[in-house]
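Undergrad:
Number of protein chains: 2
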Amino acid sequence: MGGDYAPGVVVEGTATALCDFPDCEIVLVGHEAKLRFYIEKYGLTGHPRLRVVHAPEVVEMRELSSTSLRTKKHSSITECARLLKSGEVDGMVTPGHTGATVAATKVLVRTLPGVDRPALAASMPAERGRFIMVDAGANTDCSPLHLLQFALMGEVYARYLYRLSEPRIGLLSVGGEDVKGNALTKQVFPLMNEKFSNFVGNVEADTIFEGIADVLVADGYTGNVFLKGCEGLARSTIYWLKEVLLKNPWRKTTASMLGNAFRELKSKGSAEDIGGAPLLGINGICIIGHGSSTSRAVRNAIRVCAECIEFDLNGRILQRLKETGCLASDLTEEFRKRPQK
Amino acid sequence: MGGDYAPGVVVEGTATALCDFPDCEIVLVGHEAKLRFYIEKYGLTGHPRLRVVHAPEVVEMRELSSTSLRTKKHSSITECARLLKSGEVDGMVTPGHTGATVAATKVLVRTLPGVDRPALAASMPAERGRFIMVDAGANTDCSPLHLLQFALMGEVYARYLYRLSEPRIGLLSVGGEDVKGNALTKQVFPLMNEKFSNFVGNVEADTIFEGIADVLVADGYTGNVFLKGCEGLARSTIYWLKEVLLKNPWRKTTASMLGNAFRELKSKGSAEDIGGAPLLGINGICIIGHGSSTSRAVRNAIRVCAECIEFDLNGRILQRLKETGCLASDLTEEFRKRPQK
Numbered sequence: 086m087g088g089d090y091a092p093g094v095v096v097e098g099t100a101t102a103l104c105d106f107p108d109c110e111i112v113l114v115g116h117e118a119k120l121r122f123y124i125e126k127y128g129l130t131g132h133p134r135l136r137v138v139h140a141p142e143v144v145e146m147r148e149l150s151s152t153s154l155r156t157k158k159h160s161s162i163t164e165c166a167r168l169l170k171s172g173e174v175d176g177m178v179t180p181g182h183t184g185a186t187v188a189a190t191k192v193l194v195r196t197l198p199g200v201d202r203p204a205l206a207a208s209m210p211a212e213r214g215r216f217i218m219v220d221a222g223a224n225t226d227c228s229p230l231h232l233l234q235f236a237l238m239g240e241v242y243a244r245y246l247y248r249l250s251e252p253r254i255g256l257l258s259v260g261g262e263d264v265k266g267n268a269l270t271k272q273v274f275p276l277m278n279e280k281f282s283n284f285v286g287n288v289e290a291d292t293i294f295e296g297i298a299d300v301l302v303a304d305g306y307t308g309n310v311f312l313k314g315c316e317g318l319a320r321s322t323i324y325w326l327k328e329v330l331l332k333n334p335w336r337k338t339t340a341s342m343l344g345n346a347f348r349e350l351k352s353k354g355s356a357e358d359i360g361g362a363p364l365l366g367i368n369g370i371c372i373i374g375h376g377s378s379t380s381r382a383v384r385n386a387i388r389v390c391a392e393c394i395e396f397d398l399n400g401r402i403l404q405r406l407k408e409t410g411c412l413a414s415d416l417t418e419e420f421r422k423r424p425q426k
Numbered sequence: 086m087g088g089d090y091a092p093g094v095v096v097e098g099t100a101t102a103l104c105d106f107p108d109c110e111i112v113l114v115g116h117e118a119k120l121r122f123y124i125e126k127y128g129l130t131g132h133p134r135l136r137v138v139h140a141p142e143v144v145e146m147r148e149l150s151s152t153s154l155r156t157k158k159h160s161s162i163t164e165c166a167r168l169l170k171s172g173e174v175d176g177m178v179t180p181g182h183t184g185a186t187v188a189a190t191k192v193l194v195r196t197l198p199g200v201d202r203p204a205l206a207a208s209m210p211a212e213r214g215r216f217i218m219v220d221a222g223a224n225t226d227c228s229p230l231h232l233l234q235f236a237l238m239g240e241v242y243a244r245y246l247y248r249l250s251e252p253r254i255g256l257l258s259v260g261g262e263d264v265k266g267n268a269l270t271k272q273v274f275p276l277m278n279e280k281f282s283n284f285v286g287n288v289e290a291d292t293i294f295e296g297i298a299d300v301l302v303a304d305g306y307t308g309n310v311f312l313k314g315c316e317g318l319a320r321s322t323i324y325w326l327k328e329v330l331l332k333n334p335w336r337k338t339t340a341s342m343l344g345n346a347f348r349e350l351k352s353k354g355s356a357e358d359i360g361g362a363p364l365l366g367i368n369g370i371c372i373i374g375h376g377s378s379t380s381r382a383v384r385n386a387i388r389v390c391a392e393c394i395e396f397d398l399n400g401r402i403l404q405r406l407k408e409t410g411c412l413a414s415d416l417t418e419e420f421r422k423r424p425q426k
């Protein structure tokens, strides 16, 4: 029920997913009557691999994530989290309220044993290839332990998403040199250096686009600012591009001949092929789509969700946590609190 | 001597500035022999409003700002700061090492009385108009007091730079709602709300481009990530644009007819007209240019420096600090340290 075009695009995306992924069973969670309308529209009535679970409430985008769990006990997000908790489903997908999803899964599904906080892992385009920004906004205030675990979870996710055997991990900072950063990054730097052989050190926010790391680690406040800043600038660039190209009739006509090129440019920033960002570290797979998700994005978020389950993303995360000594209990107290300097 | 094309572009920009601003006297600080070569080249030998102060050393871009002051006692940046401190000059301009400039001015020139930390104020393009990002990277770890003073100094600078009587101040956050943010922004929010009638509240990193604030306040780590992330994405966008437009000979030919339009697009992101970002809060005017400054950027940084002096930027900052009760001594201890939550 979440996102700008729900539940229409969600049911439409589900229809394509049921067709494309014959091993998937899908449970649609939301207002039953509203869902039935679209289920009929997209010819899914009586589909053997489709089930509906009624959830009468919706968390609106303007609502607070901190209270949504209490005030909307039967929202589609909360019901989804309950299904995930009970094991009735292996994963959940939502283009709805990010904060409410983080809150519901944290409280109901809980984190993987030894993981302190879940983190949102957004895939972003570099000049060639892509990189994963983690945490893209689930935790505004972080400890060194959190950043360390974000790095590890991002690394495992990059192995799946980009098919890399040794994804390079970078720490988002204000300079490329080892000593640059804020109190938090300075404290976690030697720890990351010790734990990960594929740690490339501090990475500046501009050089990341040159493709010098596959996983970029930051606290969720900074990661979110970085992600949203790029989204905003991309939209403004399209606005400016239109402005200069439509300035006079001659330019307009010439530019119209390059329509395909501009569509290709626009697609560089599109996350439709990935469909959503996983909330890593939750004891179950949870993919959060963009609020403006199309049916194609929903279909691909379902694909990513199914593939993460098949890949045993969480099992691999747990294994790596143990191997590298990155479980919460492995670290001393000083790394488990925010820097107090 | 700093910047990618120094000292050539600096002397060239000085030549234009001497011509365009007949009230300005300019002191070139750097390696005398090297400067003399360009002074002759640009026909400035014996110019009545030009003087050279010899500084044999240069802080290289890869050097640490924390040690540059000790290891390079006679760098052009340090000598500049000494001239500013002694009152021999009213302002300084450098396209050199930002960290070294911050360190040298902080130690030698000091901050304005009652100002705790200087902040870098970068002007960035919005869809229409521009906004000031403060702090763009001078302080990686901040207290609520710092953010409050950054806001006030940014406001006074916006009055000069954008000719606005009541610049709107926004707090960079992870959501537009009042309660969103990290521990630092949550603590400073009510304070900013109380002190500034023109406070527009929390601003997300994407909506800022829609022009909803004239001054955007953040700690220097996040501000720097935001600024550099945008710079990097802008460069990548140009890369992608070239990629799609040069894909085949037909597109290449058509695109070449739109050369002016693409040049106009590129100029949106250019900071050449402003030339540099002031280091606000220093007891003297200090403008820091981009490392890749052209002679035009140098000329305009000199213009901005002269105009800030004429505008009495620092006098106005001090007055506003007193008026609003934003002097360091006006605030209680809890706002003068970093949030400990």
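Residue numbers (my numbering), protein chains in the order written: chain L, 86 to 426; chain R, 86 to 426.
Even for Gly, the Cβ is constructed at its ideal location relative to N, Cα and C.
Note that this is a predicted model, so its numbers are computed, not measured.
Hey, L/Asp263 and L/Gly286: beta-carbon distance below 9 Å or not?
TA: Contact flag set, yes.
Undergrad: How would you label R/Pro180, buried or exposed, when you count the other beta carbons within 10 angstroms and need 16 or more for buried?
TA: Buried is the call here.
Undergrad: So, helix, strand or coil for L/Met342, using DSSP?
TA: DSSP places L/Met342 in coil when its eight states are reduced to three.
Undergrad: Taking L/Met342 as the query, report the chain R residues whose CB atoms sit under 8 Å from its CB, ordered along the chain.
TA: Thr339, listed in chain order.
Undergrad: So R/Leu246 packs on R/Val302, CB below 8 Å; how close in whole Å?
TA: Not really, about 16 Å apart at Cβ, beyond 8 Å.
Undergrad: To the nearest angstrom, report how far apart L/Asn224 and L/Val310 are at their CA atoms.
TA: The alpha-carbon atoms of L/Asn224 and L/Val310 are separated by roughly 12 Å.
Undergrad: When you compare each of L/Phe216, L/Gly344, L/Glu279 and L/Ile111 to L/Glu295 by their alpha carbons, which one comes out closest?
TA: It is L/Phe216.
Undergrad: State yes or no: is the C-beta of R/Met218 within less than 9 Å of the C-beta of R/Leu364?
TA: Not in contact: R/Met218 and R/Leu364 (Cβ atoms no closer than 9 Å).
Undergrad: Nearest to L/Thr322 by alpha carbon, out of L/Lys351, L/Thr152 and L/Arg121?
TA: It is L/Lys351.
Undergrad: Taking the continuous beta strand (DSSP E) assigned at L/Asn333, which residues delimit it?
TA: No beta strand (DSSP E) contains L/Asn333, which DSSP labels as neither H nor E.
Undergrad: Assuming contact is defined by CB atoms lying nearer than 9 Å, are R/Ile359 and R/Leu398 in contact in what I supplied?
TA: The answer is no: Cβ separation not under 9 Å.
Undergrad: Just verifying my parser: in three-state terms, what is the DSSP assignment at L/Ser153?
TA: L/Ser153: helix per DSSP, three-state reduction.
Undergrad: Alpha carbon to alpha carbon, how far is R/Val112 from R/Val137?
TA: Their Cα atoms are separated by approximately 6 Å.
Undergrad: On the CB-based measure, 16 or more other CB atoms within 10 Å of its CB, does L/Leu103 come out buried or exposed?
TA: Its Cβ being crowded by 16 or more others within 10 Å, L/Leu103 is buried.
Undergrad: Going by DSSP in three states, R/Pro229 sits in which element: helix, strand or coil?
TA: Helix.
Undergrad: Does the CB of R/Pro229 have a neighbour CB from chain L at under 9 Å?
TA: R/Pro229 does not count as touching chain L.
Undergrad: Report, in whole angstroms, the separation of the C-beta atoms of L/Leu120 and L/Val96, which I expect to be a contact under 8 Å.
TA: Right, the Cβ-Cβ distance comes to about 6 Å (below 8 Å), so this counts as a contact.
Undergrad: I need the DSSP call for L/Val192, collapsed to helix, strand or coil.
TA: Reduced to three states, the DSSP call for L/Val192 is helix.
Undergrad: Would R/Gly366 be called buried (16 or more neighbouring beta carbons within 10 Å of its own) or exposed?
TA: Per the 10 Å Cβ criterion, buried.
Undergrad: Helix, strand or coil for R/Met177, going by three-state DSSP, please let me know.
TA: Note: R/Met177 maps to strand in three-state DSSP.
Undergrad: How many angstroms separate the CA atom of R/Phe235 from the CA atom of R/Thr190?
TA: Computed Cα separation, rounded: 17 Å.
Undergrad: Using a Cβ-Cβ distance cut-off of 9 Å, determine whether L/Pro203 contacts chain R.
TA: Closer than 9 Å: no.
Undergrad: Measure the Cβ-Cβ separation of R/Ser428 and R/Arg423 and say whether it is below 9 Å.
TA: Residue numbering for chain R in the displayed model covers 86 to 426; residue 428 of chain R lies beyond these limits and cannot be assessed.
Undergrad: With distances taken from CA atoms, which of R/Leu237, R/Pro92, R/Asn333 and R/Thr270 is nearest R/Phe281?
TA: Ranking R/Leu237, R/Pro92, R/Asn333 and R/Thr270 by Cα distance to R/Phe281 puts R/Leu237 first.
Undergrad: State the Cα-Cα distance for the pair R/Val174 and R/His375, rounded to the nearest angstrom.
TA: For R/Val174 and R/His375, the distance between alpha carbons rounds to 22 Å.
Undergrad: Mapping the DSSP letters down to three states, classify R/Cys411 as helix, strand or coil.
TA: R/Cys411 falls in the coil class under three-state DSSP.
Undergrad: Chain L beta carbons: is any one of them nearer than 9 Å to that of R/Pro210?
TA: Yes, its Cβ sits closer than 9 Å to a Cβ of chain L.
Undergrad: Going along the segment 378-409 of chain L in order, which residues come within less than 7 Å of chain R, judged by CB to CB distance?
TA: Here the close residues number zero.
Undergrad: Among L/Glu289, L/Arg195, L/Thr183 and L/Ala185, whose alpha-carbon lies nearest the alpha-carbon of L/Gly172?
TA: The residue with the shortest Cα to Cα distance from L/Gly172 is L/Arg195.
Undergrad: With DSSP run on the structure shown, which of helix, strand or coil describes L/Ala223?
TA: The answer is coil: DSSP assigns L/Ala223 none of H, G, I, E or B.
Undergrad: In chain R, what lies closer than 7 Å to L/Arg336 by C-beta?
TA: Leu343 and Ala346, listed in chain order.
Undergrad: Give a yes or no on whether the minimum CB-CB distance between R/Asp89 and chain L is below 9 Å.
TA: Output row for R/Asp89: interface = no.
Undergrad: Between the C-alpha atoms of R/Gly260 and R/His132, what's the straight-line distance to the nearest angstrom?
TA: Distance between the alpha carbons of R/Gly260 and R/His132: 55 Å.
Undergrad: Please report the residue range of the beta strand (DSSP E) in which R/Leu135 lies.
TA: Taken as a continuous stretch (DSSP letters only), the beta strand (DSSP E) holding R/Leu135 covers Leu135 to His139.
Undergrad: Between the segment 397-415 of chain R and the segment 196-215 of chain R, do at least 3 Cβ pairs fall closer than 8 Å?
TA: Judged by Cβ distances under 8 Å, the segment 397-415 of chain R makes contact with the segment 196-215 of chain R, as three or more pairs qualify.
Undergrad: Distance cutoff 9 Å, beta carbons only. Does R/Leu233 sit that close to anything in chain L?
TA: Not an interface residue.
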